[in-house]
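Notes follow once the structure below has been shown.
There are 2 protein chains.
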Amino acid sequence: MDFKIRAAEKEDCKDISRMIMELAVYEKMSEQVKISHEELERDGFSQNPFFECLVAEVTDEHKSKEGFKVVGYALYFYTYSTWKGRTVYLEDLYVMPEFRGNGIGKGLLSKVAEVGKKKQCVRLQLSVLNWNTPTQDFYAAKGAQDLTASEGWHFIRFDGQNLDNLANEAPKS
Amino acid sequence: MDFKIRAAEKEDCKDISRMIMELAVYEKMSEQVKISHEELERDGFSQNPFFECLVAEVTDEHKSKEGFKVVGYALYFYTYSTWKGRTVYLEDLYVMPEFRGNGIGKGLLSKVAEVGKKKQCVRLQLSVLNWNTPTQDFYAAKGAQDLTASEGWHFIRFDGQNLDNLANEAPKS
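Here the protein sequences come in this chain order: Y and D.
Counting the first sequence from 1 gives a position; the numbering used here is that position plus 182.
Counting the second sequence from 1 gives a position; the numbering used here is that position plus 182.
Following this line, the structure appears as structure tokens:
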């Protein structure tokens, strides 16, 4: 199946937003999605964007049952390791189920790695849920390490009232 | 003890670099540190920086045995959740041992939360090693959740030859 991977444009945000929800449903956390396509447009397509995104597009003849041509996306940004330096972080990688098995996911992942290397990133990182063995296997087969298993790193988060409390206690200097 | 928290300047990179190594020694991974203060200067203090940093500075009369006045730092950057939006990610938080117990660590953490809130971030995230219970307790006491424990998120990484292999397989489009 012919497909093209290209940098997302502002006009793709409705498609990206639709697929963000599809991915969250797969991850069994769809009630957590609070983002709108307007926010994606603002945060990814203005000056100093908070993320970059690639989309996979098929030709007219292969469009989905519902008429969609943008059938996959990879959303990423740059982070920093104080031990190793620049890192590209893959937040989401998704291909619509009916388009899987055509190398689109692999193509998106490789393209993110290529973009990262061009920016002198020495790492590509991401997170995956512990029950999601198909995805873990997909990455492991390509050489990824599981750092939670091997080094014991845990994710920690402040949000809501806890984040407000912290911010409100900031020293005035 | 009097201390001031301020945005790091390029001239602070030698102090930051010194403390990055001290923190890595504490985390028992000092052999992993490959970053130089020149790289920190390039990556944090040019256009479109990869990170931002706060430092804690004490007055002359309180300087360390070795003569250091910059005695703590918080290095952070912005990431993005496709479910919730803007996030501030705290990569490193460190206070030199002889200056602990004076509220400097708490001050740095709160200041990062404040900076994040000003940028409309809805989350402050970070990672901590599973054996490092003092640090886990420090964050938990302030309301942080452990997402690896509660939701099962694992960290995954590609680097070195595995990252090169991925990048080299990127579709040409």
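Each residue gets a CB set at the ideal place from its N, CA and C atoms; glycine is no exception.
Please read all numbers here as calculations on a predicted model, not as lab measurements.
What residues from chain Y crowd round residue i, counting only those whose CB sits closer than 7 Å?
i, result
"glutamate 296 of chain D", "Ala349 and Ala352"
"aspartate 341 of chain D", "Val304 and Arg305"
"lysine 293 of chain D", "Ala352 and Pro353"
Since residue i and residue j should fall inside the 8 Å C-beta cutoff, what is the C-beta to C-beta distance between them, to a whole number of angstroms?
i, j, result
"cysteine 303 of chain Y", "valine 270 of chain Y", "4 Å"
"alanine 190 of chain D", "tyrosine 255 of chain D", "7 Å"
"leucine 272 of chain Y", "valine 294 of chain Y", "6 Å"
"alanine 349 of chain D", "glutamate 234 of chain Y", "Between glutamate 234 of chain Y and alanine 349 of chain D the Cβ distance is about 16 Å, and since that is not below 8 Å, they are no contact."
"tyrosine 276 of chain Y", "leucine 205 of chain Y", "4 Å"
"isoleucine 217 of chain D", "glycine 267 of chain Y", "6 Å"
"serine 292 of chain Y", "glutamate 351 of chain D", "4 Å"
For residue i, which beta-bridge partners are listed by DSSP?
i, result
"leucine 257 of chain Y", "Y:Cys235 and Y:Asp274"
"threonine 269 of chain Y", "Y:Thr261 and Y:Arg305"
"alanine 189 of chain D", "D:Leu236"
"arginine 200 of chain D", "According to DSSP, which records beta bridges pairwise, arginine 200 of chain D is partnered with nothing at all."
"leucine 311 of chain Y", "D:Trp335"
"valine 252 of chain Y", "Y:Glu239"
"glutamine 327 of chain Y", "D:Arg339"
Chain Y partners of residue i, CB-CB under 8 Å?
i, result
"histidine 336 of chain D", "Ser309, Val310, Leu311, Asn312, Gln318, Asp328, Leu329, Thr330 and Ala331"
"asparagine 344 of chain D", "Lys324, Gly325 and Ala326"
"tyrosine 271 of chain D", "Thr261"
"aspartate 225 of chain D", "Tyr262, Gly267 and Arg268"
"lysine 216 of chain D", "Trp265, Lys266 and Gly267"
"aspartate 274 of chain D", "Thr264"
State buried or exposed for residue i, treating a residue as buried only when at least 16 other CB atoms are found within 10 Å of its CB.
i, result
"glutamate 193 of chain D", "exposed"
"valine 207 of chain D", "exposed"
"alanine 326 of chain Y", "buried"
"glycine 249 of chain Y", "exposed"
"arginine 188 of chain Y", "exposed"
"tryptophan 265 of chain D", "buried"
"alanine 331 of chain D", "exposed"
"glutamate 239 of chain Y", "buried"
"methionine 278 of chain D", "buried"
"glycine 287 of chain D", "buried"
"aspartate 184 of chain Y", "exposed"
"glutamate 220 of chain D", "exposed"
"glycine 226 of chain Y", "buried"
"glycine 289 of chain Y", "buried"
Using a C-beta to C-beta distance shorter than 9 Å, which residues of chain Y count as neighbours of residue i?
i, result
"glutamine 229 of chain D", "In chain order: nothing, as chain Y lies at least about 10 Å away."
"glycine 289 of chain D", "Glu351, Ala352, Pro353 and Ser355"
Kindly list, in the order they appear in chain D, the residues whose Cβ is closer than 9 Å to that of residue i.
i, result
"phenylalanine 250 of chain Y", "In chain order: nothing, as chain D lies at least about 18 Å away."
"lysine 196 of chain Y", "Chain D residues near lysine 196 of chain Y: none, gap ~14 Å exceeds 9 Å."
Find the residues of chain D that neighbour residue i, judging by a C-beta separation of less than 7 Å, and give them in chain order.
i, result
"glutamate 243 of chain Y", "By Cβ distance, chain D contributes nothing, its closest Cβ being about 18 Å from glutamate 243 of chain Y, past 7 Å."
"aspartate 184 of chain Y", "By Cβ distance, chain D contributes nothing, its closest Cβ being about 10 Å from aspartate 184 of chain Y, past 7 Å."
"glutamate 221 of chain Y", "Gly267"
"glycine 254 of chain Y", "What glycine 254 of chain Y touches in chain D: nothing, since even the nearest Cβ is about 12 Å away."
"alanine 206 of chain Y", "Trp265"
Going along chain D, which residues have a C-beta under 8 Å from residue i?
i, result
"phenylalanine 281 of chain Y", "Per Cβ cutoff of 8 Å: no residues; phenylalanine 281 of chain Y is ~15 Å from chain D at best."
"lysine 299 of chain Y", "Leu345, Asp346 and Ala349"
Are there any heavy atoms of the ligand ATP lying less than 6 Å away from the beta-carbon of residue i, as far as the coordinates show?
i, result
"alanine 323 of chain D", "With respect to small molecules bound, the structure shown includes none, and the ligand ATP cannot be examined in it."
Using 8 Å as the threshold, is the region 214–233 of chain Y in touch with the region 277–284 of chain Y, meaning 3 or more CB pairs across them? no
With three or more beta-carbon pairs closer than 8 Å as the criterion, would you say the region 337–346 of chain D touches the region 317–326 of chain D? No, because fewer than three Cβ pairs between the region 337–346 of chain D and the region 317–326 of chain D fall closer than 8 Å, the two stretches do not touch.
Okay, do the region 198–217 of chain Y and the region 234–247 of chain D touch, 3+ Cβ pairs below 8 Å being the bar? no
Are there three or more Cβ pairs, one per stretch, closer than 8 Å when the region 257–266 of chain Y is compared with the region 286–305 of chain Y? yes
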